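J.:
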Amino acid sequence: KTNALAAICVFERLEEEEEEKISVLFGKGSLVSQHFCEITDGVYQEVDFVLNDVKEVQVRLQDGSTLAADKLSGGAYDQLYLSIRLALGEKLLKGIKGFFILDDPFIKADKERLQRQIDMLKRISESGWQILYFTAKDEVRDVLKQDIETGKVSYVKLQSVFSK
12 KTNALAAICV FERLEEEEEE KISVLFGKGS LVSQHFCEIT DGVYQEVDFV
62 LNDVKEVQVR LQDGSTLAAD KLSGGAYDQL YLSIRLALGE KLLKGIKGFF
112 ILDDPFIKAD KERLQRQIDM LKRISESGWQ ILYFTAKDEV RDVLKQDIET
162 GKVSYVKLQS VFSK
């Protein structure tokens, strides 16, 4: 019993340390908040990781009200998820540029949201990051058409292994 209680205490301390590491990604002025504000065109101003009985991500709207992340529309949730991934990548690599592999990350995005998210990825790419973006949506190719034609974006159409 003593060993089990000691192990539980160790796991609780580890959980607290991990929560603290995660929480530094969020809050006013954080990379997650900056990315999310930009991608949503200022609709959402801030993203917080709230450590209460139920740990949750919350977003703050322009009017100051808050909303739990799980209450966001599918498109807004995708935008939040991208913002978190970008900030996490930047944090983990500590200033070194790396790459992101994205598999249809904006599946629920309308045309306007898709354009803002692609613009964000283009800015990140221009800063030195590489983006591998896989999609089945023709809309993505359409948004990137000019960049593909000028060679700024490399476009490779993959053939389905199931086609005859």
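Counting from 12, one number per residue, gives the positions in the sequence shown under this note's numbering.
The beta-carbon is built from N, C-alpha and C at its ideal position, and this holds for glycine as well.
Note that the coordinates shown come from a computational prediction; the quantities given were computed from them, not determined experimentally.
(1) Which of the three DSSP states, helix, strand or coil, is assigned to Leu36?
(2) So, for Leu132: in the same chain, excluding its five sequence neighbours on each side, which residues have a beta-carbon less than 6 Å away from its beta-carbon?
(3) Is the beta carbon of Val68 sitting closer than 9 Å to the one on Val54?
(4) Look at Gly85 and Lys122 and say whether their C-beta atoms are less than 9 Å apart.
(5) Does the Cβ-Cβ distance between Gln73 and Arg127 come in under 9 Å?
(6) From the DSSP output, in three-state form, read off Phe145 for me.
(7) Which value, in whole angstroms, describes the spacing of the CA atoms of Arg24 and Ser34?
(8) Within the chosen definition, does the segment 74-83 reach the segment 109-116 through at least 3 CB pairs nearer than 8 Å?
(9) Provide the residue span of the alpha helix (DSSP H) that contains Val58, from first to last.
(10) Check Ile50 in the structure and name its three-state DSSP category.
T.: Checking against the coordinates, here is how it stands:
(1) Looking at Leu36 - three-state DSSP - the assignment turns out to be coil, as it is neither helix nor strand.
(2) Ile142
(3) no
(4) No, the pair does not count as a contact, with Cβ atoms beyond the cut-off.
(5) Not in contact: Gln73 and Arg127 (Cβ atoms no closer than 9 Å).
(6) strand
(7) 15 Å
(8) With the cut-off at 8 Å, the segment 74-83 and the segment 109-116 do not touch.
(9) That residue, Val58, is in no alpha helix (DSSP H); its beta strand (DSSP E) goes 55-61.
(10) In the displayed model, Ile50 falls within a helix according to three-state DSSP.
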